[in-house]
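Right, one structure below, let's go through it.
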Amino acid sequence: MRKITLTLALLLTIGFAATAQQAKSVILIYLDGGPAQTEMFDPKPAAGRNYYGNYKGVCKTNVEGIEIGEKLPLLATMADKYSIIRSMTHGSNAHETGHYAMITGDTSGGAIVYPSFGAVISYMKKDTYKGVLPCYISVTSANSRFNEGGFLGNEYKSFDTGGRPESDEYEVEGIVNKFVNKERLNKRMDLLNNFEGSLNKKELDSLRATNMEFIWGESREVFNLNHEADSVRQRYGNSRIGQSCLVARRLVEAGVPFVNVRTTGWDTHKKHFQKMNSMLPALDKAVSALLADLDAKGLLESTIVLLGGEFGRTPKVLWEAPWNGGRAHYGKTFSYMVAGGGFHGGKVVGATDKTGETVVERPVRPCDLIGTIYLLMGIDPYGTLPHVSEGNLPILPSLLEKKSEGLLYEIIDIKKPSHEK
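So the sequence shown is numbered by this note's numbering: it starts at 85 and just counts up by one.
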């Protein structure tokens, strides 16, 4: 079966039209736990209170005909900068399989553990990325539900910053430690050099020089948010998500290809609306500031910004005890926001029915979205990855299945090749 799939992948690769890379970096704002699409990008005010819950209102955006949730007024003013996918689907209601699907694009159900798309991009850029900072960075931690390096190995997992970007001093794991100043670190290095004596340390010294640059060179200043004006930090919001998005912008400015901004708390089985009263405004402030900042600095054209989680939440509110106004897991249909890096703004892909429970137009599977990101990053979505024992495997096996409707050519400038269905 694997050989048949691989042959198909190779056949599709033949004649693949190489296109100029449009994106240089990706910022994934990952709402771990599963955000409610009905409160964000697919509101259903006419469905009745059992569906809209406490949020009947909507925000009209600056693009005619597009409405989003009432708690996202800042993003509503800039809908021309992003597009909405309202028909994401993978069908899984479990965190583990939902995370795996959205982070790898693999829903084939095979035994092989695929790498996250951040790890794939890190692998593909290993020969061209020359920065001191890691190619793939998570602020403040990566997804912990599976080994995101997959069969590529731990070398391509993300560097997790740890720390609290919203604090006065952002301590970054292994880089910024407020208890160790440069003088103290130099004394430690002198002690280490004396201990090693006259050992042949040419390769070791080279690695150490790189590490020292990483720890105390200019690269560490990327994480120093005190270089930003107070007005800028306030615009993002003094929240974990706000200051994390600001860190992401600074990392992209430094040339880092993939930044994962992971925020938790979106698994709102209970007291959903009470939590959304604070979480959605903070998200609205952070993401709108990020998009505006990237655009003003001329970086939005080369930076893909994604916003979503592992699945959505049940369109129907669970009013009964013990949920008392909560929403459960829902992988049948949910929404994602995409912006920059070659994605068009002001568009809506797909649609759901009047209650938001079923996709009725253009289902988009994880492989369709991730494959489009690969394409914009100059990576062949029908190419292969090396497996230590299985040989070359399709980079996105699910993209080769009949269930996939294919890449999102309707919201990018690249034309659909004739060999694709």
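Just so you know, even glycine gets a beta-carbon here, dropped at the ideal spot from N, CA and C.
Inter-segment contact for the segment 330-346 and the segment 220-230 is present: three or more beta-carbon pairs are separated by less than 8 Å.
The shortest CA-to-CA distance from ILE196 to any of LYS210, SER225 and PHE230 is the one to PHE230.
Close CB contacts of PRO465 within its chain, under the 7 Å cut and outside five residues either way in sequence, are with GLY455, TYR458, LEU459, ILE479, LEU480, LEU483 and LEU491 (chain order). Here the alpha carbon of GLU180 sits roughly 14 Å from the alpha carbon of GLY396.
In the DSSP assignment, TYR114 falls within the beta strand (DSSP E) that extends over 109-115. By DSSP's assignment, ILE388 forms a beta bridge with VAL110. When DSSP states are grouped into helix, strand and coil, TYR320 belongs to the helix group. The Cβ atoms of GLU394 and GLY118 lie closer than 7 Å to each other.
For ARG346, the pairing in a beta bridge is given by DSSP as TYR114.
Under the three-pair Cβ rule at 8 Å, the segment 119-127 counts as touching the segment 165-185.
Shown here for GLY153: same chain residues with a beta carbon closer than 6 Å to its own, the five before and five after excluded, namely GLU123, MET124 and PRO127 in chain order. ASN476 carries a strand assignment under DSSP once its states are collapsed to helix, strand and coil.
Collapsing the DSSP output to three states places ALA366 in a helix. By the C-beta criterion, the segment 440-452 is judged to be in contact with the segment 413-430, since at least 3 inter-stretch pairs fall below 8 Å. Each residue's CA atom was taken as its position, placing VAL316 and ASN227 some 28 Å apart. In the DSSP annotation of this structure, the continuous segment of the alpha helix (DSSP H) that includes CYS451 starts and ends at 450-460.
Going by DSSP, ALA423 is part of the beta strand (DSSP E) stretching over 418-423. If only complete runs of 4 or more residues are kept, the segment 162-250 shows the alpha helix (DSSP H) at 179-188 and 201-208, in order along the chain. In terms of Cβ geometry, VAL336 and THR387 form a close pair [threshold 7 Å]. Taking C-beta separations shorter than 6 Å and ignoring five residues to either side along the sequence, GLY258 has no partners in its chain.
Looking at LYS155, LYS354, GLY339 and ASP497, the one whose alpha-carbon comes closest to that of ALA405 is LYS354. In the DSSP assignment, the residues bridged to VAL142 are GLY153. Using a Cβ distance threshold of 7 Å, GLN327 and PRO249 count as a contacting pair.
Here ARG446 carries a coil assignment [DSSP, helix/strand/coil]. The three-state secondary structure of PHE427, taken from DSSP, is strand. If you check the CB distance, PRO450 and ALA203 do not come in under 7 Å.
A check of alpha carbon separations from VAL401 across VAL110, LEU112 and TYR136 identifies TYR136 as the nearest. For ARG133, the enclosing alpha helix (DSSP H) begins and ends at 133-136. Setting aside the 5 residues that flank it on each side, TYR493 is surrounded in the same chain by LYS500, each with a C-beta closer than 6 Å to its C-beta; the list follows chain order.
Per DSSP, reduced to three states, the secondary structure at HIS353 is coil, with no helix or strand assignment. ALA338 and TRP403 have their C-alpha atoms roughly 47 Å apart.
Taking VAL389 as the centre and dropping the five residues before and after it, the same chain places the C-beta of ILE111, ALA423 and GLY424 closer than 6 Å to its C-beta, in chain order. Distance from the CA atom of ASP244 to the CA atom of SER225, rounded to whole angstroms, is 5 Å. Taking C-beta atoms as the reference points, ARG446 and VAL432 fail to come closer than 7 Å. Between TYR166 and GLY429 the beta-carbon gap is near 6 Å, inside 8 Å, which marks them as a contact.
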